[in-house]
Each structure stands twice: as structure tokens, then as C-alpha cells.
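So the structure is just underneath, and the comments pick up after that.
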Amino acid sequence: MLLLLVVLLLTAGCSSTGGRRAEQARERAATAGGAVDTPRWKVAMVTHAGAGDSFWDTVRKGAEQAAAKDNITFLYSNDAQTQNQVQLVQAAIDQRVDGLLVSLAKGDAMADVLAKAEAAGIPVISINSGQEFSARFGALTHIGQDESTAGEAAGRALARRSRTGVLCVIHEQGNVGQEQRCTGARSAFGGGFQTLYVDGVNLPDARAAIAAKLQADPSLDTVLTLSAPLAATGLQAVQDARRPVELDTFDLGTQVVTGLQAGTVGFAVDQQPYLQGYEGVDLLWLHRYNLDALGGGGPVLTGPQVLTKDDAAALARYVARGTR
Amino acid sequence: MHRLVARPEFGALLAAVAVFLFFALTADSFLRLSSLGTVLYAASTLGIMAVPVSLLMIGGEFDLSAGVLVTTAALTSSMVSYQLTAVTWVGAAVSLAVVLAVGGFNGWMLGRTRLPSFIITLGTFLMLTGANLGVTKLVSGTVSTMPIGDMEGFASCHWLFASEFTVGGLTVRATVWWWLGLVAAGSWVLLRTRFGNWVFAVGGDAAAARAVGVPVARTRTCLYLGVGFCAWVLGQHLLFSFDTVQSGEGVGNELIYIVAAVIGGCLITGGYGSVAGSALGALIFGMVSKGIVYAQWDPDWFRFFLGGMLLLAALLNSWVKHRAELGRA
Numbered sequence: 078m079l080l081l082l083v084v085l086l087l088t089a090g091c092s093s094t095g096g097r098r099a100e101q102a103r104e105r106a107a108t109a110g111g112a113v114d115t116p117r118w119k120v121a122m123v124t125h126a127g128a129g130d131s132f133w134d135t136v137r138k139g140a141e142q143a144a145a146k147d148n149i150t151f152l153y154s155n156d157a158q159t160q161n162q163v164q165l166v167q168a169a170i171d172q173r174v175d176g177l178l179v180s181l182a183k184g185d186a187m188a189d190v191l192a193k194a195e196a197a198g199i200p201v202i203s204i205n206s207g208q209e210f211s212a213r214f215g216a217l218t219h220i221g222q223d224e225s226t227a228g229e230a231a232g233r234a235l236a237r238r239s240r241t242g243v244l245c246v247i248h249e250q251g252n253v254g255q256e257q258r259c260t261g262a263r264s265a266f267g268g269g270f271q272t273l274y275v276d277g278v279n280l281p282d283a284r285a286a287i288a289a290k291l292q293a294d295p296s297l298d299t300v301l302t303l304s305a306p307l308a309a310t311g312l313q314a315v316q317d318a319r320r321p322v323e324l325d326t327f328d329l330g331t332q333v334v335t336g337l338q339a340g341t342v343g344f345a346v347d348q349q350p351y352l353q354g355y356e357g358v359d360l361l362w363l364h365r366y367n368l369d370a371l372g373g374g375g376p377v378l379t380g381p382q383v384l385t386k387d388d389a390a391a392l393a394r395y396v397a398r399g400t401r
Numbered sequence: 065m066h067r068l069v070a071r072p073e074f075g076a077l078l079a080a081v082a083v084f085l086f087f088a089l090t091a092d093s094f095l096r097l098s099s100l101g102t103v104l105y106a107a108s109t110l111g112i113m114a115v116p117v118s119l120l121m122i123g124g125e126f127d128l129s130a131g132v133l134v135t136t137a138a139l140t141s142s143m144v145s146y147q148l149t150a151v152t153w154v155g156a157a158v159s160l161a162v163v164l165a166v167g168g169f170n171g172w173m174l175g176r177t178r179l180p181s182f183i184i185t186l187g188t189f190l191m192l193t194g195a196n197l198g199v200t201k202l203v204s205g206t207v208s209t210m211p212i213g214d215m216e217g218f219a220s221c222h223w224l225f226a227s228e229f230t231v232g233g234l235t236v237r238a239t240v241w242w243w244l245g246l247v248a249a250g251s252w253v254l255l256r257t258r259f260g261n262w263v264f265a266v267g268g269d270a271a272a273a274r275a276v277g278v279p280v281a282r283t284r285t286c287l288y289l290g291v292g293f294c295a296w297v298l299g300q301h302l303l304f305s306f307d308t309v310q311s312g313e314g315v316g317n318e319l320i321y322i323v324a325a326v327i328g329g330c331l332i333t334g335g336y337g338s339v340a341g342s343a344l345g346a347l348i349f350g351m352v353s354k355g356i357v358y359a360q361w362d363p364d365w366f367r368f369f370l371g372g373m374l375l376l377a378a379l380l381n382s383w384v385k386h387r388a389e390l391g392r393a
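Those protein sequences? They're chains A and B, same order as listed.
Heads up, the first sequence is in the working numbering, so the first residue is 78 and it goes up one at a time.
Heads up, the second sequence is in the working numbering, so the first residue is 65 and it goes up one at a time.
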């Protein structure tokens, strides 16, 4: 009797909209049917992502969905440390993959192992970072965002919004891409501009540092963060500072989109990580199937795309499902 | 047979064979010679450091600065060579002096204060992490060092620390030779010399060792110097195989060295363990970390599997040790 009641309750209690089931249905719709009839090729992606990075999860999702569509077995591995990333690339070569996607954040260190991929006849496409190394290492193309250009786009947006004092928050001291973003923004903006280094793996500490800086310097009216997690931290810091300060950011995330809708985030510069994974797999497929090279082998830019309140409502559902 | 079972690395040997068979059966590309070369390389870069770390653990101490010390070694060597436009051997020599000084500092602090090595080396770890970033940025203006691949001496340094050769598809890197050499040397010192007896004595009961005339402080300092030397070897490998070094690297590796030593049968309380065991621990770690890739499992679970392996290996070790003691009684 009790069992019957539980079963009844469970059936009645199911949501007909949203939730995990809706997510599964969407995934099936995105991956089912329409697969090409090429042989089952194997593509590996090796990135410099740390464990549990939301940005790279979106890249991976794009790659997985393109792989499903292209009848490709997709292998993913990642390690934030150079020597381990090199070993993972070597492991992919050992598995005789048909194509290799690799992020070149530690460019020089990858030269040797990519030469081995070339020797083994494995086509390589670099994604996300390392545009300057890509062609030199024999990659077919680079798919990503030029960080200086992205910084300049942010700088122009800041000028358009007539901000006067901008605080650019670098959360990985010495990350070249982050420096380029801030430098690009500074040169295109032209107004008051400062840089603050915080510890991106210690968010409470970063929050306190930003808040303290805002409290100490009344000339600042804008915080510019370089990633979605730091944008969320930046928003908390703005609240802590109890001053009307605008937050602008690079990259999207749930909190960023909610912020855009609510007006607490001014704009977000997006590099479309989903595209980096999706196009990477798709271009390898095109190369193998048809010897195609998009843009004649020059870098394929996935950003910058400057998103504001007007775009936020339409974006929210895609961010929620983790593909934007 | 009974003598074999009683050895500290026996459990690790069983575990290594089990892990090997497991991945040989589940991952089809695992048994290829090129794959085994990759596994050996992964094991060797870890195993080089597991040798002095296991000796240190047998001596009853920790070194949490071992991971970033490797990066310090590579950074120092690279920056000295580049900034002074010196032959790369000069950079390597200065680097050796610097890391031995750090090791010596750890040992000296331990001898002079009554602080646990956990605290002392935690302090060194933090200072080195900061210095790696700070000094590099100060000297190079960026967080990575300048390429030194075109400098004099690079070719011979590369040969010594980062060369490789291929026998019938199996690529063996220089680190593998260094690793085997260090394991042999470490084992010999531990099992065949008076110093080895001192290490066991100091780790087992420092007060008793001191009472029978063992130079406790000096023994420990020597062990820390050993960590410095091996960090130098691995650091030079990183530098001369990758040409440039990122200053933020190495954090977290110190725990992995300890994991390798523990899987290999070292007791966390000191006084028991072996160097050969640390090599098996590194091999297990290398097989698991790359085997998961060859088996094409979801890498999100990597650390979970690794933790599971560690617990299983530790349990197996303590069980084997218990059985051996029962047999002796």
C-alpha cells in the first residue's frame, strides 16, 4: 500500500518541463541523426585546463557535439602543468588518432611533441591560445580569439559607456593572454586605467583585494574582470565596497548573464568557447574528408563578441545548458 | 619466499603487476611500445624525485618544498645562462648550488629549531613559490624564461638531461636512465652503507639513535641535500627539453612524490620503507595516470581513481607487513 502511494507520488511529482529530463532530450536532439557516413575517425583534444574549469567544459561540449555529428570518437584530456600536457599529447599520438586539437598556452614547450605528431602524419589544429605558435608548429589553423583585439573591443565599449576610472583585474599573474587583454583595453579606452593582481585560485582573497582597492581609490567607477568566475567575485566586491561601481567582464557564465539582465554587469566580451571546440573537431573532419582549410589556414577568430543587456535574455537559456 | 614477502616493496610489486595487467586488458593501446615509452617517461619524471623523498620519509621527515624546488632549479639555470650569456653549464652549476643551499637550509633549520619538518618545508614551499614568480618577473619581465635553445652548451646539456633514443619502437628518455641510476644509488646507500643504517635509526627513534652516537642532524641535512640534488636533475630535464620554463609550475607535485613513496611501502611515521618501492610507486602512478588516458576514461575522475589506488596500495602494504610480522613471531 505504502509502496503504491510512493509510486503514485513519484509519477505525479514529475516535472513536465525543465530539469534533467529536458536536458537529456535536448542532448539527444543535438546528437541524434544526421551523422555522416565517413569511417569512424578518432580525434583527441589536449588542453592546459585545470581541473573543473567551467570555460573548458564548454569547449569540450562543443567538441563532443561536433564529434557526434561527424561520426568521430572524441578523446579529451587536460593538465595545467606543461610536462604533463606534453605527455598527454604524446599519449594521444601513441593512440594513433586521426586528428589532434591542442591548446598552446605553453607554446615553446609543445614544439617537440607537435613535431612528433607531424612525423606521425597527424593533422593538428591549435585552439584557444597560442595563435603565434600555431603556424610555426605546423598546425593547420588556429581557432580562438586574439587577446589584444579582445582587449581593444573592451576598451572601446568602456569608452562608449563613458567610464572614467577602470580597474583591470588580472587573476593569474604572468598569464600572457590576460596581460594582453588589459593592455588592449587600456590603449583603446584612453581614460584612467589601473591594473590589479589578485590570486584567482583564492576567491575570498581576490574579493577582499578588489573591494579594498575600490574603497581606497574613489576615482574608480568600473571593474573589468577577465573571466566569469572572477566576474562573480568582482560583483561581490562591488557590493562590499558600497559604491556605485559598474562591473564589466570577459567570458560568460550564469552569474554574468543574470548580472547583464539585472544591470549590475555592463557588458561581457565573449570568445565563444563552444565554437572553439566545435569548429576544431569539424575542421579536422573537413580536412580529412575534403582537404579543406577554412580561411586558407589563417587563424579563425571566435571572438570578441561584445554582449550587453539587449542580448542577455536570449542568451540565458544557452548559458544555462552550458553551451555559451 | 618468506624473505621476499617481508620486504617493504612487496605489496607495491603486487599492486604494480595488478595495475599493469588491468590496463593491458582494458586499454588496447596500452601495450604498444610507444605507449609503454610514454608510461616509463611519466614514471621516471616522478620517480627521480620519489627516490630522495622516500629516503627522507624513512628518515622520518617530509619535504613539502620538493615540487617547487624542481621549478626553482630550472628557472635558476635558465636565467643565469641567459642573463649572463654564459654557457648553459654555468647556469646548471649555479642552479645546483642554489637548490643544494635550499636543501641545506631545510636541514639546518630542522637541526637548529624544534619545529616539525612539515612546518619548516611548508615555509620554504611558500617562499620558493613566491620567489619563482617574483624573481622571474623581475629578471625576465614576464612569467616565463627566455628561450636558451640557441646558446652554447645547450646541445650537450640536452644530451645529458633530455636526450632520447628509440629501440624497436620503444622510446627511452634520459630521465629513465637517471631514474634507474638514482634508484640503484639510493638503494645501495640505504641497504649497504653505515649512512643507510643511520637513516633507519633516525626515522625509527631519533632519541635512541642519538644515544648510540648517530649524528641525527647531519643525517637529516644530507637527506635534504639529496632532495636538492634530484630536484636539480629533474629541473635541468624540464629546462633542456622544453627550452623555456613557466615560473608557476611545480605546485602540488610534492604530494605526488609522497604518494609514490607511500604506495612503495614507506611508512608515514618513518623508520620503514625502501627506495625500490618508491620506484614501483612511481611506476604505478605513471601506469594509472596514462592508463586512464589509453583506456579513454573520463579524465574528470582521474584523481578519484588515483586516490582509490593509493588507499588500496597502502592497505595491501599494511596487510603484507602484518602477515610478515606474524610469520616472524
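For every residue, glycine included, the Cβ atom is placed at its ideal position computed from N, Cα and C.
Computed from a prediction, not measured in an experiment: that's the story for all the values here.
- Query: In angstroms, rounded to a whole number, what distance separates the CA positions of B:Asn-261 and B:Leu-255?
  - Reply: Each residue's alpha carbon lies about 7 Å from the other.
- Query: Which runs of the beta strand (DSSP E) spanning at least 3 residues fall entirely within the region 114–186 of chain A, listed in chain order?
  - Reply: Listed in chain order, they are 118–124, 149–155 and 176–180.
- Task: State the Cα-Cα distance for the pair A:Gly-267 and A:Val-300, rounded to the nearest angstrom.
- Result: Our two residues, A:Gly-267 and A:Val-300, have alpha carbons roughly 15 Å apart in a direct line.
- Message: Is there a Cβ of chain B sitting closer than 8 Å to that of A:Tyr-366, yes or no?
- Response: Taking CB atoms only, A:Tyr-366 has no neighbour in chain B less than 8 Å away.
- For A:Gly-242, the residue or residues it bridges with in DSSP: For A:Gly-242, DSSP records a beta bridge to A:Gly-269.
- Query: Between B:Phe-306 and chain A, is there a C-beta pair that is closer than 8 Å?
  - Reply: Interface residue, yes.
- Query: Quick one: what does DSSP say A:Ala-403 is sitting in, helix, strand or coil?
  - Reply: The first residue shown for chain A is 78 and the last is 401, placing residue 403 of chain A beyond what the model contains.
- Item | Supposed close pair B:Ser-311, B:Ala-226 - CB separation, criterion 8 Å | The beta-carbon separation of B:Ser-311 and B:Ala-226, rounded to 20 Å, does not stay under the 8 Å limit for a contact.
- Message: Pairs of beta-carbons, one from the region 375–395 of chain A and one from the region 344–353 of chain A, closer than 8 Å: are there three or more?
- Response: Cβ pair count under 8 Å is three or more, so yes.
- Task: Sort A:Arg-238, A:Gly-127 and A:Asp-294 by Cα distance to A:Ala-265 and report the nearest one.
- Result: Considering only alpha carbons, the answer is A:Arg-238.
- Query: Roughly how many angstroms separate the alpha carbons of B:Ala-393 and B:Arg-387, rounded to a whole number?
  - Reply: With a pLDDT of 48 at B:Ala-393, under the threshold of 50, the modelled position of that residue is not reliable, and the figure given next carries that caveat. Straight across, the Cα-Cα distance linking B:Ala-393 with B:Arg-387 is about 10 Å.
- Message: Could you tell me the alpha carbon to alpha carbon distance between A:Asp-325 and A:Arg-319, rounded to whole angstroms?
- Response: Cα to Cα, the separation comes out at about 17 Å.
- Message: Just to make sure I have the definition right: I need the residues of chain B whose C-beta is within less than 7 Å of the C-beta of A:Gln-172. Which are they?
- Response: By Cβ distance, chain B contributes Ser-93 and Tyr-358.
- Message: With a threshold of 8 Å between beta-carbons, can A:Gly-120 be considered close to chain B, or not?
- Response: Reading off the sequence shown, one finds Val at residue 120 of chain A, where the question assumed Gly. By this cut-off, A:Val-120 is not an interface position.
- What did DSSP end up calling A:Gln-205 once you bin it into helix, strand or coil? Gln is not the amino acid found at residue 205 of chain A; the sequence shown has Asn there. DSSP places A:Asn-205 in strand when its eight states are reduced to three.
- Item | Within the region 277–321 of chain B, ranges of the alpha helix (DSSP H) (whole runs, at least 4 residues) | Inside the region 277–321 of chain B, DSSP marks whole alpha helix (DSSP H) runs of 4 or more residues at positions 280–306, from first to last along the chain.
- Measure the beta-carbon distance from B:Val-352 to A:Leu-165 and round it to whole angstroms, keeping in mind my assumption that it falls under 8 Å. Between B:Val-352 and A:Leu-165 the beta-carbon gap is near 14 Å, outside 8 Å, which marks them as no contact.
- Which whole-angstrom value is the C-beta distance of B:Val-323 and B:Phe-349, which I expect to be below 8 Å? With a Cβ gap of about 7 Å, B:Val-323 and B:Phe-349 count as contacting.
- Query: Quick one: Cα of A:Thr-218 to Cα of B:Ala-157, how far?
  - Reply: Straight through space, the alpha carbons of B:Ala-157 and A:Thr-218 are spaced by roughly 41 Å.
- Going by the CB atoms, is the gap between B:Gly-329 and B:Glu-73 shorter than 8 Å? Between B:Glu-73 and B:Gly-329, the gap from beta carbon to beta carbon is short of 8 Å.
- Message: Per DSSP, what are the beta-bridge partners of A:His-219 in this structure?
- Response: A:His-219 is bridged to A:Ser-203.
- Query: Counting Cβ pairs, one atom from each stretch, are 3 or more of them under 8 Å apart for the region 171–182 of chain A and the region 352–364 of chain A?
  - Reply: When C-beta atoms of the region 171–182 of chain A are compared with those of the region 352–364 of chain A, three or more pairs fall below 8 Å, so the two segments count as touching.
- Message: For B:Phe-182, tell me which candidate among B:Leu-128, B:Thr-200, B:Ala-359 and B:Trp-383 has the shortest Cα-Cα distance.
- Response: Selected option, being the one with the closest Cα: B:Leu-128.
- Unbroken beta strand (DSSP E) run spanning A:Phe-327, endpoints: Residues 323–327.
- Indicate the three-state DSSP secondary structure (helix, strand or coil) for A:Tyr-395 in the structure shown. It is helical.
- Partner residues on chain B for A:Thr-159, Cβ-Cβ distance less than 7 Å: Within chain B, the residues near A:Thr-159 are Phe-306, Gln-310 and Glu-313.
- So with Cβ pairs under 8 Å, would you call B:Thr-230 a contact of chain A? Chain A contact via Cβ: absent.
- Query: With a CB to CB cut of under 7 Å and the five nearest residues on each side skipped, what residues in its chain are close to B:Gly-245?
  - Reply: Excluding positions up to five away in sequence, the list is empty.
- the region 135–155 of chain B in contact with the region 214–225 of chain B per 3-pair CB rule at 8 Å: Here the region 135–155 of chain B lies against the region 214–225 of chain B, with 3 or more beta-carbon pairs under 8 Å apart.
- Just tell me which of B:Ala-91, B:Ala-79, B:Ala-70 and B:Leu-174 has its CA closest to the CA of B:Leu-287. Among B:Ala-91, B:Ala-79, B:Ala-70 and B:Leu-174, the Cα nearest to that of B:Leu-287 belongs to B:Leu-174.
- Query: From A:Val-246 to B:Ala-272, what does the alpha carbon distance come to, in whole angstroms?
  - Reply: The alpha-carbon of A:Val-246 is positioned some 56 Å away from that of B:Ala-272.
- With C-beta atoms as the reference, is B:Leu-97 less than 8 Å away from B:Leu-234? When the beta-carbon positions are compared, B:Leu-97 and B:Leu-234 come within less than 8 Å of each other.
- Take the Cβ of B:Trp-241 as the centre, count every other Cβ of all protein chains shown within 10 Å, and call the residue buried at 16 or more, exposed below. B:Trp-241 comes out exposed.
- Indicate whether at least one CB of chain A lies closer than 8 Å to the CB of B:Thr-90. B:Thr-90 is outside the set of residues whose beta carbon lies under 8 Å from a beta carbon in chain A.
- Task: Whole angstroms is fine: what's the gap from B:Thr-285's alpha carbon to B:Val-134's?
- Result: Their Cα atoms are separated by approximately 18 Å.
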